[in-house]
Every structure is written in C-alpha cells, then in structure tokens.
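Notes follow the structure.
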Amino acid sequence: MKKDILQVLQQFSPIPIQESMLERPVHTHLGDLALPCFPFAKELRKSPVVIAEELAQAINHPLILKAQAMGGYVNIFVNRSEITRFLLQTIHKQSTSYGSNNDGNGGVVTIDLSSPNIAKPFSMGHLRSTVIGNSIALLLEKNGFNTVKINYIGDWGTQFGKLLTAYRKWGSEQEVQQAPIQTLLGLYIRFHEEAELDDSLNEQGRAAFKALEDGDTEALALWKWFKSASLKEFQRIYDLLGITFDSYNGEAYYNDKMEPVVNELANKGLLVESDGALVVELDEDMPPCLIKKSDGATLYATRDLSAAIDRKTTYNFVKSLYVVGNEQSFHFTQVKQVLGKLGYDWADTIEHIPFGLILKDGKKMSTRKGKIVLLEEVLNDAIALAQKNIEEKNPNLLNKEAIALAIGVGAIIFSDLKQHRKHDIEFNLATMLQTEGETGPYVQYACARAHAVLRKADDTTTFTVDEVNDFEWEIVKTLEQFPQVIKRAADHADPSFIAKYAVDLAQAFNSFYGNVQVLSDANHLTYRIALISCTATVLKEALRLLGMAAPEEM
Ligand code: ARG
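Just so you know, we're using this note's numbering here: the sequence shown kicks off at 832 and counts up by one.
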C-alpha cells in the first residue's frame, strides 16, 4: 500500500518523495499515512504549512479518499474499499504463492543444520539448529533461492577411538541394541572416569581411532553399527518434527578427502609447524587454526575445510550457511579465514548463523552427566499435553492424534522461533502450549477458527467491498505486509519476523471475529468470507514457513 500511495503522491508533488518519508500515524483519525513537508521547505522556498496545503489540494486519485493538510503534514486517508478489493483479489489469485518473490534468482544456498553427534543424545542445541535451519530453508525457497539442507552428522574424531575401546572392554551387544544412544553414552562417560585412574586407556583410545582411520575392518564394522543405530534414533525425532534433509554427508564422509586440502595448504605455504602440530596462522587477535595434531590426526576444522570446498564444487552455492550455536562462532571465523587465505573469494559467502541456548529455569538444559534431557521425550510430552487439552476441550474431534502432534510439535517450534535466534530462550512446556499469548497454538487456533467459519459459508471470488470497518482494515493492513516481512526474514535469516507476523495477523483476526457478526449479516457476507479465506491462506502459509502444520479443526 505504501508503495502504491507513494506512486500516487509523486504524481502531484513538485519534488520527489522518498518512501522512507511516509509515516504511519499512531492515531487513525490522523489518516493511514502522513507526509511531513518540512524537508521540502528549503528547496521550494515556502513554509511547510503552505506546501502541505497546496499538495493536499492537488491530490486527486481513486486510491485516496481524502488528503488533509495539518500543520505541515499531509494526512492521507486511503480508499479502504479499493485497496481491500485489490488485495483480496491478489491473494485469492496467488493463493499460497502470495508473498513469494524471485530475489534469489534460483541461486543455490547450502544450509548446514541439525548435525547431531552419533552415540550422543540429540541435544536441545541440535533441536534449535534443526528448526531454525529448516525455517530458513523454507524462507529462502519462498524468496526464489534453491536450498540444499545438509545434516553434517558428527560421526568422526578421536572420541570414537575412546568409544570403541570402552565398548570392547565393558560393552554388551544386547544393551546397545536395546538402547543404543543411552548405552553408548554410558560407555563414553565410563571411559573418561576410568581414564582418570588409568592413563593407558587414552593411549588405547588413540590407537583405536588410528585403526579406524586406516580402515581396520572390525573397528569400521563397530563404528558403522553405532552410527546406523544412532541415526535410527535421530530419525524418530525428525519424523515427529516432519523435517527431511537433502544430504547426510557428515564428518566421516570427509575422512579420505582431507589430504588434498592439507596438501593445498602446504603448497600455498600456509602450513606452519607449531609444537609438532601443523597450523595455519591467522589475522591478528585470532589464534592459529589447528590442521593436524602432532600424531597426525586431523581435526574438526580440517574436516570443515574440506567439506566447505566440496560443497562449493558440488553445488556452486551463492551462499553457504551454518546454523550452529553461538559457542562455535570462533571456529567458523577460523574456517572462513583459512579459506580466504587459500585464495577462495567465495569464503565471503560463508555465513555462520548463530543462536542462543535453551534454558530451563534460567539454566542451560544440557546433556551433562546424569542429567540428560532426552529430546524425544520432550517432544512426546508436548504431544501428550496437547492431547490432554483436546480431551478436555473438544473430545469429539476427529483425528485427535494427528492434531495433537501438530499442536504439540508446533508449540515447541513456535516458542523457539518467535524470539530473535541469538537470544537464549526459556523452555516451559505448559506456557508454550497455552492457547492465549504469543504461542503456536494461539496462531493455529485462529487459523482453525477461520476454517470453522468458512465451512459454514461458500467461499467465493466474486464480492464487492463497499465499506471496510476498523477491524477489517487492521486485517487488510496486516495481510498487505506479508511480502515485505518475508523479505526481511530472509535477509536477516531470522524466522522470528514470521512468527511475530503470524501473531499480529492472528490477533487482528481474533478481534475482528470477536466483534463482527459475520454470518448473520447478509449484506457483507461474501466480502467478509473472502477476507477470512485470505486470512486463513496467509496464516497457514506463515505457519508453513516456520515448519508448522495448521490443522483446520482443533
Ligand atoms: N556436530 C557438531 C556439534 O554437535 C555441529 C556441526 C556443525 N556443522 C559444522 N559444519 N561444523 O557440535
């Protein structure tokens, strides 16, 4: 609307108007938009008051109902009916593609997300990475990019030598089969406890990893088993979240692809020896990046370097995102700098997308010894709570289980995405499942409520708009902002813009719903049904962009 009105104003203004000059008055009696004329005074050699009066006089256009001069401002009252009619027709026509744009021009963006470590529980941090990364991918697609979601599984490194050693000493095949991750985690913890007393264990662990790296059949078979059992457990979580990946190439995939990178570093004169290890020296105030330990073992950074180069070769990305917690910022700065030193100009297109912690009562929800928060349990608790709420409020609902899944999982996703991702977030199941306040169920309910009305009336594309009341106008103004919000969210790689928008639209809809008798007023019925149908479309699309379902009945 702002853009359209701006175009109209340009036709009548003696000098160009910048879009940023158009203000939205706080009070509706001052109009929908206001143009301050003070900046024009110097050039026009007239007082702002006179300029405003002349401009208000001159304006004459079907989109503008009234232009009123007031103390140096032109207050503009737009033609609500005209704007509403046009917008509703647009949304009707474009349906779920309303708000899409082609800013990305088909360019590929790789998104490194989720990336849990095998033989360890799927942590709250991995949950954040999964839902934030997934939503960013959906947003980028909506902005015309092609995305590749890469689950860079943590399945390599010296810790697997320790795990193999621990399993051989104390493990039981049956236990691993029954509860793989829990058992393997227990073995890993025991290894560390016993290694405190017996240092020779560490040596055995290192040797075991060396054997694994060199392709020892027995070690490899065990490792493969641990990995597939872990992935099976992770898959249950991804199924609940409804999230899929385009690639599962993790750290182990790069085991035989690091040597060329190490050689390239050496050939370009970047490798320096330091206490027997090989490092790349970085810019001032950054410690060197460790490439090879003194025993020849490669590191996390070595694998990320070869993965980054491999991704560039495979996908020729325009941008490469890494959705990983704040605490790894340092690591990604190092990797980027090394790639830059190798002469890759695309190093600049690598971007770490950091996020904060999930807190429980102000403390980190962690996977520390003895206090493991099993994510699958958390998700199932949310679903069970949603189911309980349904039993209380709407026991005759069909498909209760599917709906409880959508609400329970949606509540967790929404509570994560509604805040700026860099912030730490407090985790409280009861709060996030409430149907009031800024919650997932609140937005989902608004959407279901819209569908309930639509079920009672015929949706139609032919309608006339002769009057738009304040409740309706609030919805229209919000619907109209969707395309800009989509751009902003993608530009900042931040789904919270969409989550906040969804709450705004749900609020506008709910106050309309609570104040306007839709079905009993035949005069405005077709237009209001069109308005409700467009609201449902946009709410559902906003939820989809967050990775959430929008049940039509709740
Ligand atoms: N597996 C790692 C962890 O759990 C996260 C991997 C992030 N991605 C990457 N390319 N380094 O901490």
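Glycine included, every Cβ here is placed at the ideal spot set by N, Cα and C.
Note on geometry: alpha-carbon atoms of H1355 and K951 lie some 59 angstroms from one another.
Rounded to the nearest whole angstrom, the CA to CA distance from F1148 to V939 is 5 angstroms. Within its own chain, the residues whose Cβ lies closer than 7 angstroms to the Cβ of V1166, once the five positions on either side in sequence are excluded, are A1132, D1135, L1136 and A1139, listed in chain order. Taking C-beta atoms as the reference points, C1120 and V1155 fail to come closer than 7 angstroms. Within the segment 1224–1309, the complete alpha helix (DSSP H) runs of at least 4 residues fall at 1231–1248, 1260–1263 and 1271–1287. S1160 has its CB no nearer than 6 angstroms to any heavy atom of the ligand ARG. Taking a cut-off of 8 angstroms on C-beta distances, the segment 984–999 touches the segment 1026–1045, as three or more cross pairs fall below it.
Here the distance from the Cβ of G1187 to the nearest heavy atom of the ligand ARG is not below 6 angstroms. Residues S1137 and D1141 of the same chain have their beta carbon placed closer than 7 angstroms to that of K1088, with the five preceding and five following residues left out of the count. Under DSSP, H1183 shares a beta bridge with Y1153.
In this structure, the ligand ARG has a non-hydrogen atom nearer than 6 angstroms to the beta-carbon of G985.
Between Y1146 and the set T927, T941 and Q838, the nearest pair of CA atoms involves T941. With a threshold of 16 other beta carbon atoms within 10 Å, S928 falls short and is exposed. Assignment of beta-bridge partners to L1102 by DSSP yields V1111.
Residue burial is scored here from C-beta neighbours: S1364 has at least 16 other C-beta atoms within 10 angstroms and is therefore classed as buried.
Counting every other CB atom within 10 Å of its CB across the protein chains shown gives V905 a total of 16 or more, marking it as buried. Counting of Cβ neighbours within 10 angstroms places I846 among the exposed residues, the total staying below 16.
For V1169, the three-state secondary structure derived from DSSP is helix. Counting of Cβ neighbours within 10 angstroms places G902 among the exposed residues, the total staying below 16.
Under the three-state reduction of DSSP output, Y998 falls in the helix class. If you draw a 10 Å sphere on the C-beta of F1343, you find 16 or more other C-beta atoms in it, and that means buried. Y904: member of the beta strand (DSSP E) spanning Y904 to V909, first to last residue.
In this structure, the C-beta of D1325 stays at least 6 angstroms away from each heavy atom of the ligand ARG. If you draw a straight line from the Cα of G1171 to the Cα of D1301, it is about 55 angstroms long.
For the 7 angstroms CB-CB criterion, A883 and A898 do not form a contact. For D835, the enclosing alpha helix (DSSP H) stretches over residues K833 to F843.
Annotated three-state conformation of A1381 is coil, per DSSP. Within the segment 1027–1051, no run of beta strand (DSSP E) at least 3 residues long lies entirely inside it. By the CB criterion at 7 angstroms, A1380 and A1237 fall inside the cutoff.
Here the alpha carbon of P1118 sits roughly 17 angstroms from the alpha carbon of L1173. V979 has T941 as its beta-bridge partners, per DSSP. Between W1304 and K1331, the alpha-carbon positions lie close to 19 angstroms from each other. Beyond the five residues adjoining it in sequence on each side, V1103 comes within less than 8 angstroms, by CB distance, of L1109, V1110, V1111, E1112 and P1119 in the same chain, given in chain order.
Setting aside the 5 residues that flank it on each side, I922 is surrounded in the same chain by Y929, L1310, C1365, T1368 and V1369, each with a C-beta closer than 8 angstroms to its C-beta; the list follows chain order. Counted as a single uninterrupted DSSP element, the alpha helix (DSSP H) harbouring K873 occupies residues A872 to L875. Taking the Cβ of S946 as the reference point, at least one heavy atom of the ligand ARG falls within a distance shorter than 6 angstroms.
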